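Below: one structure, written as structure tokens.
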Amino acid sequence: MVLFSLTTLASNSIVKIVKSIATFYMEIKIDRDLCIGAGTCVVLAPNTFELDDELKVVLKKSKKSDSDEDIIAAAKSCPVLAVIVGDEKGKQIYP
Ligand code: SF4
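Here our numbering is used: position 7 in the sequence shown is 7, and no number is missing along the way.
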């Protein structure tokens with residue numbers, strides 16, 4: 001089972017999503033101020049990330065899910081470290 005929860009933090013620059021797959025939780029934060037619209041995160045995890053009309057990353061409200069490995073690979077692909085991944089305890093996994 002996959003659950004999504006979206007929360008907007010501080011201004012509109014950071015969005016947090018909490019994803020639950022079985023017993024594993026992953027927290028993904030996006031810093032839209034850093035995003036330069038390179039799009040590699042969208043290519044590697046197309047069910048999690050997409051670009052909006054401003055060519056800035058947003059978290060996709062999709063019922064489909066990308067694998068944990070693909071989401072982490074997407075975060076690692078970001079040239080400006082705009083995708084931050086944490087575990088269920090809020091401990092930062094990447095970067
Ligand atoms: S890879 Fe980074 S810079 Fe490129 S769209 Fe994703 S968040 Fe933005």
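Think of the CB as a built atom: it goes at the ideal place given N, C-alpha and C, for glycine as much as any other residue. In this text, all values refer to a predicted model and were calculated from it rather than measured experimentally.
| Query | Result |
| --- | --- |
| Cβ-based neighbour list, Thr23, same chain, cut-off 8 Å, excluding 5 preceding and 5 following | At Thr23, the pLDDT of 47 sits below 50, so the modelled position is not reliable; the number obtained from the coordinates is stated separately. Contacts found: none. |
| Buried/exposed call for Glu27, threshold 16 Cβ in 10 Å | buried |
| Rounded C-alpha distance that separates Lys56 from Ser62 | 18 Å |
| Spatial neighbours of Ile72 in its chain, beta-carbon cut-off 8 Å, leaving aside the 5 residues before and after | Val85, Ile93, Tyr94 |
| Thr40 Cβ short of 7 Å to the ligand SF4 heavy atom set | yes |
| For Asp66 and Lys48, the rounded distance between their alpha carbons | Position check: residue 48 holds Thr in this sequence, whereas Lys was assumed. Those two C-alpha atoms are separated by around 6 Å. |
| Helix, strand or coil at Ile71 according to DSSP, with G and I counted as helix | helix |
| Local conformation of Leu44 per DSSP, three classes | helix |
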